[in-house]
Structures are given as C-alpha cells and as structure tokens.
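J.: Residue numbers (our numbering), protein chains in the order written: chain G, 2 to 462; chain H, 2 to 246; chain V, 118 to 316.
From the three backbone atoms N, C-alpha and C, an ideal C-beta is built for every residue, glycine too.
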Amino acid sequence: MSHPKLANIFNEDEKKVDWHDKALWFVRHKRDLSAHKVKGWETLREFGHQIKAHTLANLDQYLIEFEKNALSNGIEVHWATNAEEHNKIVHRILKECQAKKVVKSKSMLTEECHLNPFLEERGIEVIDTDLGERIVQLAKESPSHIVLPAIHKNRHEVDDLFQQHLNTKPCNGDPQYLTQKARKHLREKFINADAAITGVNFAIAETGGFVVCTNEGNADMGAHLAPVHIACMGMEKLIPKQDHLGVFLRLLARSATGQPITTYSSHFKTPAKGLKMHIVIVDNGRSEQLGKPDFRASLHCIRCGACMNTCPIYRRSGGHSYNYTIPGPIGSILSPGKDLKKHSSLPFASTLCGSCSDVCPVKIDIHSQLYKWRQIITKEMKQPMLKRKSMKIMGSLFSNPTQFNRFAKFCRWALRNLPKSILYAKPNVWGKSRELPKGPKMSFTEWHQNRENTKRMKNNG
Amino acid sequence: MSIGLFIPCYIDQLYPKVGIATLELLEKLNVQVTYPSGQTCCGQPMANAGYERESLGACQNFVKNFKDFDYVVTPSGSCAYHVKKHYNIMEQTPTTQKVRNNIFELCDFIINVLKIKDVGATFPFRVGLHQSCHGLRGLRLGSCSERVGNHYSYMEDLLQQVKGVRIMPLNRADECCGFGGTFAVTEEAVSIKMGKDKIKDHLNNGVEIITATDMSCLMHLEGLIMRNKQPIKVMHIAEILNSGS
Amino acid sequence: MDSRSQILTKIKANKPEPMDLLHIDPSIFDEGLDVVPAFTKTLEAVGGNVCPIDSMEAVHSKLKTLLPNARFTHSTLENTHEINTFSFDAIERPHDLEDLDILMVKSDLAVAENGAVWIDDSKFPIRVLPFITKHLVFVIEEKAIVPYMHQAYEKIRDFNFGVFISGPSKTADIEQALVIGAQGALSLTVLLLTADTTP
C-alpha cells in the first residue's frame, strides 16, 4: 500500500495521532535543548558531513585499510554484495559454531536484510535484545522507528504483550515493572546464547575496530557472554580515523534523543581471549547509490532518527506507513534507490519543509533529494493519467499569459457561481475538509490594468 | 533602481488584495514598481509535483518578464525560493542568473535592500506569525528552531514596529502547516491534520490573526478555519504592513 | 570475481572525485568549561552519582555507606582487596558473574561534556564485568577529566576493548518513560578524588 493510504488509516484514530506526534515532538525538543548547548554545533555538523564525504570519495581504500587492520586484530572479515549473501554468511558462521540460540542487538542492516526470518527458517532462535525491538518482535511487527522501535505502542499494549509472552502480572502498564521483567527475561537469553549479533555504528579504518552504541547495554551483554560475536555493517559506516569519533559521538546521541552521549559507546578492537569475532561488510545497493551524485550524500546517514522526530508527516503517519525498514525522511530518499516502483510514493510524503535537512547531524540535503527523486519517479514510473495531463496543461497555460488569464477568469467565475454540490463533488479532495477560496471578481492583473488606464486617462485629460 | 513586482499566480487570481497591499506598501516606501503584465507563475506547482520538465515554459516566461529589472520583489518566500533554487533546469545565461540572484521576498527586500524596519503601519491585534517553510529554511528569512545560532527574523523585525501589534509566541514556532502544494491533496489526511494542529497552536496562544509570508499556507489554513468556523483569521504580512495610517 | 573484489570494483567505478580530509582544530569548540562541576552536573543528569572523596583510603568507607547490602563485590584497584569477596581466578565462565553486586574500577579518563567515563580491558580482566554487575563504581581523579570528546580521543591509544560509560543503563522504550536499569548496571557512582589530595 502507498504512503497516503497507510497514513489515512493511521489518521482514523486522531487521539493516537496526537499521542504519537507529541511523543516524538518531545524527543525533537530534547534534541534542541541538547544541541543548542554545544558551542560550535553547526561546525560540528559540517565536520560530520565533510568526514563522511571524504570517506565516500575514498571508500575502497578505506575498506581495504579497515580489513587489513581488522584482520591483524584477529577479527574475521567477510564481504557480502547483497542481503542474501549477508544472511548466508551469518548462517554459515552460526552453523560452524553450532549456534542454535542467538541474541541480537539493534542493527538496522539486519532488518534491511531480513536476517531474522532467514535464520528462524533454519532452526535458529534469534532474540532481539533491545527492549523496543523485543517488544515489536513479540508483537510480530517491525520497528516503526530506527531509534525508538516500539514508539507506536503504548504502555498498555506492552503490558498485554508481556502478560501473554513473559507471564507478567497485569500492572496497568507500569514501565518500571515491565522493564524489570524484560531485564530478567533477557538475562536468561544472554546467559544461554551461543552467539551474539550486533550492528556497527562506526568502523574505523585506521584501527580496524568498530564502535557500537546502546543505552541498555544489551549489545555488550550479548557480545561479551557469547563465544561468537558477529558484527554486521553497511559499508558506509566507515570513518577514517579514531579521532573522528570525537565528532560523531558528540553528534549522534544529542541528535537522536537529546542525551549528551549514549550510556555505552563500546569500542571493539580484538576478540577476547578464546572467543571469535566476525565482521560482515555489506553492500546491498550502497555502491549503486554511491554512483548517483544527487543521492550519494544519503550514505552519510549515522542513523540517529532526528529526521523522523522532526518530520511533521512522520509524526502524523507513523513509521509503518512508510513500509520500509528505515522510515521517515531518510528512508524516503534511501528506499527509491532500492526499489523505485515499490517506494515511489515516499518522496511525495513530504511538504519539502526542510526541517529534516536542518536537523540532520551530518547535513544530508534530505528535502532536496526528495525533490530530485520526484523528478525521476514521474519520468520512470507510470503516473495516473489525471496527474500527467493536468501537469501538461498547467505547464502550457503558464507559458502563455493570455491563455492563463482567460482560464483563470473562468475558474474564478466557477468558484463564485457553481453550486456547492458541483464545487464540492467527490473529485475535489481539497474541499473534503477545507473550504475553497472565494473567487474574486477581479484579479490583481485586472485591477492593475484598470489603475494604469485611469492614470493614463488622467494624464491625457 | 528598477523593480519588477511578481505577484504569484494564485495571489493574482484568488487574493488580489494581497497583491494590492504589496504594491501600495512598496509605493508608500517610495519605491517605483513595475508590474509586467505578461507574468504567470514561477513553475513551482509542477516542479514540486515531480514535473519540473513541464515547468520550463513557465520559467522561461518568468525570466522573459523580469530580465530587465535590478530587483524582482514578490510577496511569497516560496516562489522566490523556487526561482533561486530550482531554475537550474534552464540554461544559465547571464539573464537567468541575474533574475535568480535578484529576486527577493517582500520582507527580505524591505529589511535588506531598502533597509527599513518601520513601515509606518498600525494594526491593533494579536498576531501569530506562521513561519512559511520555504522562506524560513529556504531563504533563511529568519532563524529556525533546528539550527543553532542567534535568533533573528525579518518578519518579526517589521511586525515589531507596527503600532498595536502583539506578536504571540507559539508552542511550535516553526512547524510546517501541511500545505505543500499537491501534497495538500495527495496526502490529504496528514495535510489536514497538520493544518488543524497549526491552527490549534495559534488559538491556544490567543492569536486573532495568523500571518505569513506565503498566502499558500494561509489559503490552506483559511480553508480549515472556514470549514470548522473557528474564531481566527488569516492575513498576508503585506496586508498588515500596509494597514492603518 | 569474489564478493570482495566485486564490491571494491564497483565502489571504484562509482565513487566521487577524491577530496581532502579536513583537519579538525578542537579549540573552536572550547567554551572554557569548568570540567569538574560540568562533569558532575552532566553525570547526575544522566542518572549517575558523584561522590567527592579526599583520599584513596576513603574509598572503603564510602562504598560501605553507598551500598551496605552488597554481598558479591569486586574491586580492581590496588590495596582494596578486602572489598573483594571472590577471586577472578575462580570464575570459569563470565556467566558466573551473574550475581555480582558491585564492581569497582579505576578510570584514568572522563569527559566533562557528557559525563562519560572511559575504561578499557587493561583495567578489568573480563569484558562483561562493567555490564553484568548490578552496581558500577568508578574511582577517578579530578585531573583525569577532559572537557570534550576531542581531548578524550587524544588520550586513547592502545586497547583491545574499551568503553565510554555515561550513567547507569537505561531505556525509554516503553512509551518514552525513562527507566534506569535496563540490561546493564542499575546504578553508577563515581568516587571523585579531589585535586588537592591527588599526588
């Protein structure tokens, strides 16, 4: 289903929309308070942008450097051109170490690759250990936000879910109690896991290490207890130097939740003695996107989710209305590169208000890219006849002032004289919940013409 | 200095009073303004809908009409932004570049070219300033809440000098109203919700008149206000700046 | 062609023109932060506690008053062995640490702007320790606090595993309600050795 259709369904429950909007606006507000406290914030964003742009311009070199250093650190490095290969690699590693139970911390990449169902079909239990992700996993849903996966669920829904799956007592949605129970439930999973999968927030070419950020500590609980740690990374996660973390870790959490830094920023460099560590570097369409000058900056994304929190459309349509792993503005510029047809409604799910670009910690020109995708979509995807024709007609009217004035005069007449039943008939979507403007008798052009004529007559007389 | 007045197509046809206020205001400020009668539209409606290519004729017509002026002034941040940002689809002749460089939104022009803050208006009402996005984040007519830096606003600079005006602070100072061109129709549900929320913010803060640099935002809000019979009105900022005295 | 070569070849063909790597001068972010109060304020804001102490000897008594009911405790600091209720040598699997009440670690680096404390595995022999423990206590000298992350990274060089920890583990995944104590430590305390007493 297209975005407008799903958004329409979401908007059937206005109270829920208000709640969702408010919850995310609150996060955006916390981000503002936090960012506005940092001296040189805008410079920091510019640095983030520049470092990412530089990295992309030398990505092959940096990947080679990263691989070399990671290998010498004792990490095994794997390369996957696409999602399927990524899943197969992970499965092979798990099979080799006879892992049946896997704990996984948040990784949008593994969501993108649909790793969970792939492993589950092969008899491996995968437990998402981020609380929000565990909630949506129990509900058999997908995350609706990349940082706040269960933001679409209220506390009572979580209460019900936990009663059903974790045998908790009814608690009227007490977050403290529910979190405590989840901690207990997940502790057991951590203790018994055969392998841990994590994402990667930043991989450092210079050191061959990588950084994983969480607030709950779930990535570390998994990675340090299980005998095998597999870190899955999109290849754009690379940065050249360790010092650059100073820039990105200052930007990431402030943009995401308004925290000055995530609770845990874990720097993995070598496997612990006797344990195994793997990194899977994944392309899955990224090198393709790299080849599109208008859109390559979308690869700068550090997955903070700020563009979602700020987006007035996201807040009022919910993450699931985007029907893509990464929802919101950033998802709307990433997804068309993956499947133009499937995601062709997303670049239009925006007023081009530009808030996303201004909030983005690495200064991705998101709204400009939305505009550019629109141009491509109308060319490459078959558009509704009405839209095509009306655009053509408008184009030709606006090229010709005489025709335009004649046509516009007719429209004004129609607005004044047609009965409401015709003006507000079904095809008038504008008029469903809004009044049309009244059609004035005289346009500005006509008024001006009259004024000029009067002036001229005065001068002549 | 020669100044060409661009009155956006929908203002020309649906809100002539905004065009009149703009012209009268500029004349009051002793500016000689020419209104080229061959003008139509900046091309934005097609372009934002993904049909930039169908807007080429409109863009060419625009440049043809305004190529001889030192400045192009328009009561729309959105149209000015479109000309500046998206006229790269045309051949960048010196003429095109000149038009792109010299187009100004009305408040921007008064503050930064005429260097006037007090336009001598009187308007004894509680006003809510709706920060139209393209003017705010496109043309940077004011600081936005996302970016870190000193607060400024050309619109506020002008309104603050208007006698009797009380600018009411809003809970969400610069959230989009949900118009967005064809978005208002293709994403009707969200557009309506955004508009309703926007109006509510103004109402909750005691606003009598919502004003903006763009009539398109106000057309959308007015449509909702009229349908829901709410006790609030919309006026383009040019109308306020041209009122009284 | 294997996947590695395929990916690298494609990147080579698609990457933009090379551009220079910018040089970062962190002094532009400097706002003359008073690091000790800034660190304290930030750490408290993210749910941590800061207790000033005037000597290493005070560590013991402080610990006793802070967490009187702790049974299973360990310190990696020198001369604090009486705190230890067990030896790491007795731990066969890290999983056996599940009941650990308190872990106390010395840190040589903390960051004022975000209340983060850096520790690496030269300071603790089993990596899961600072995460699995119920309560985490850091001992830090005031002079170990740097203003920003930029200065912190200037000091971080060799490590195998290291982590910045800012406050106790937390989540807001249930309706944005902040809950302290998610999967990691339930509380975090910094015992701050005041400057005039540090050697």
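So with CB distances below 8 Å, who are the chain G contacts of R101 of chain H?
T.: Within 8 Å Cβ-Cβ: nothing; R101 of chain H doesn't reach chain G, min ~16 Å.
J.: So, helix, strand or coil for D131 of chain G, using DSSP?
T.: coil
J.: Return the residue from the list G:H79, G:I147, G:I52 that minimises the CA-CA distance to H321 of chain G.
T.: G:I147
J.: Quick one: what's K234 of chain H bridged to in DSSP?
T.: H:I210
J.: Nearest by alpha-carbon distance to N25 of chain G: which of G:G332, G:Y315, G:L437 is it?
T.: The sequence shown places Leu at residue 25 of chain G, not Asn. Here the closest residue by C-alpha is G:Y315.
J.: From T315 of chain V to A36 of chain G, what does the alpha carbon distance come to, in whole angstroms?
T.: With a pLDDT of 46 at T315 of chain V, under the threshold of 50, the modelled position of that residue is not reliable, and no figure is offered here.
J.: Against chain G, does Q61 of chain H count as a neighbour if the rule is that its beta carbon must be under 9 Å from one of theirs?
T.: yes
J.: Beta carbon of F278 of chain V, beta carbon of A269 of chain V: below 9 Å?
T.: no
J.: Identify the contact partners of C302 of chain G in chain H, using a Cβ-Cβ distance below 9 Å as the criterion.
T.: Chain H residues near C302 of chain G: none, gap ~17 Å exceeds 9 Å.
J.: Could you tell me which uninterrupted alpha helix (DSSP H) segments, each at least 4 residues in length, are contained entirely in the region 92–128 of chain G, listed from first to last along the chain?
T.: Counting only runs of 4 or more, we get 109–113, 116–122.
J.: Look up G320 of chain G in the DSSP assignment and say whether it is helix, strand or coil.
T.: Helix.
J.: With H, G and I counted as helix, E and B as strand and the rest as coil, what does DSSP make of E106 of chain H?
T.: strand
J.: First and last residue of the beta strand (DSSP E) that includes W235 of chain V?
T.: 233–237
J.: Taking the continuous beta strand (DSSP E) assigned at I4 of chain H, which residues delimit it?
T.: First-last of the beta strand (DSSP E) with I4 of chain H: 4–6.
J.: Suppose the cutoff is 8 Å on Cβ atoms and the five residues either side in sequence are ignored; what does the same chain contact list for L464 of chain G look like?
T.: One cannot answer for residue 464 of chain G here, as it falls past the ends of chain G, which runs 2 to 462.
J.: Please classify W414 of chain G as buried or exposed, where buried requires at least 16 other C-beta atoms within 10 Å of its C-beta.
T.: Classification for W414 of chain G: exposed.
J.: If you check the beta carbons only, do V108 of chain H and T214 of chain H fall under 9 Å apart?
T.: A quick correction: the sequence has Cys, not Val, at residue 108 of chain H. Yes. Within cutoff.
J.: Where are the alpha helix (DSSP H) runs, 4 residues long or more, that stay fully inside the region 307–363 of chain G, in chain order?
T.: 307–311, 313–318, 329–339, 356–360
J.: Alpha carbon to alpha carbon, how far is L24 of chain H from L6 of chain H?
T.: 8 Å
J.: According to DSSP, simplified to helix, strand and coil, what is I378 of chain G?
T.: helix
J.: What does N166 of chain V pair with, by DSSP beta-bridge criteria?
T.: V:T306, per the DSSP bridge assignment.
J.: Decide if M458 of chain G is buried, meaning its Cβ has at least 16 other Cβ atoms within 10 Å, or exposed.
T.: exposed
J.: Output the distance between the C-alpha atoms of R251 of chain G and M266 of chain V, rounded to the nearest integer angstrom.
T.: 7 Å
J.: Decide if T202 of chain V is buried, meaning its Cβ has at least 16 other Cβ atoms within 10 Å, or exposed.
T.: T202 of chain V should be labelled exposed.
J.: Using the beta-carbon of each residue, which ones in chain H are nearer than 7 Å to D376 of chain G?
T.: With the sequence shown as reference, residue 376 of chain G is identified as Gln, and Asp is not the correct amino acid for it. G51, E53, listed in chain order.
J.: When the distance is taken between beta carbons, is S143 of chain G closer than 9 Å to E189 of chain G?
T.: no
J.: Taking only three categories from DSSP, how would you classify A122 of chain H?
T.: coil
J.: Is the shortest distance between the beta-carbon of L183 of chain V and the beta-carbons of chain G less than 9 Å?
T.: no
J.: On a Cα-Cα basis, can you pick out the residue from V:T182, V:P247, V:F276 that is closest to A303 of chain V?
T.: Note that residue 303 of chain V is Leu in the sequence shown, not Ala. Comparing Cα positions, the closest option is V:P247.
J.: Where does K116 of chain H sit, in a helix, a strand or coil, going by DSSP?
T.: coil
J.: Just mark N131 of chain V as buried or exposed, buried being the case when its beta carbon has 16 or more other beta carbons within 10 Å.
T.: buried
J.: Comparing the C-beta of R316 of chain G with each C-beta of chain V, is any distance below 9 Å?
T.: no
J.: Could you tell me which chain V residues have their CB closer than 9 Å to the CB of A197 of chain G, listed as they occur along the chain?
T.: Those within 9 Å of A197 of chain G in chain V number zero; the least Cβ separation is about 11 Å.
J.: Can you tell me which of V:L184, V:H191, V:H177 puts its alpha carbon nearest to the alpha carbon of P242 of chain V?
T.: V:H191
J.: Let me see if you follow: with CB-CB separation under 9 Å, is N1 of chain G close to chain H or not?
T.: Shown here, chain G extends from 2 to 462; a query on residue 1 of chain G therefore has no answer.
J.: Do G49 of chain G and P362 of chain G come within 9 Å of each other at the CB atom, strictly closer than that value?
T.: Yes, Cβ-Cβ distance for P362 of chain G and G49 of chain G is below 9 Å.
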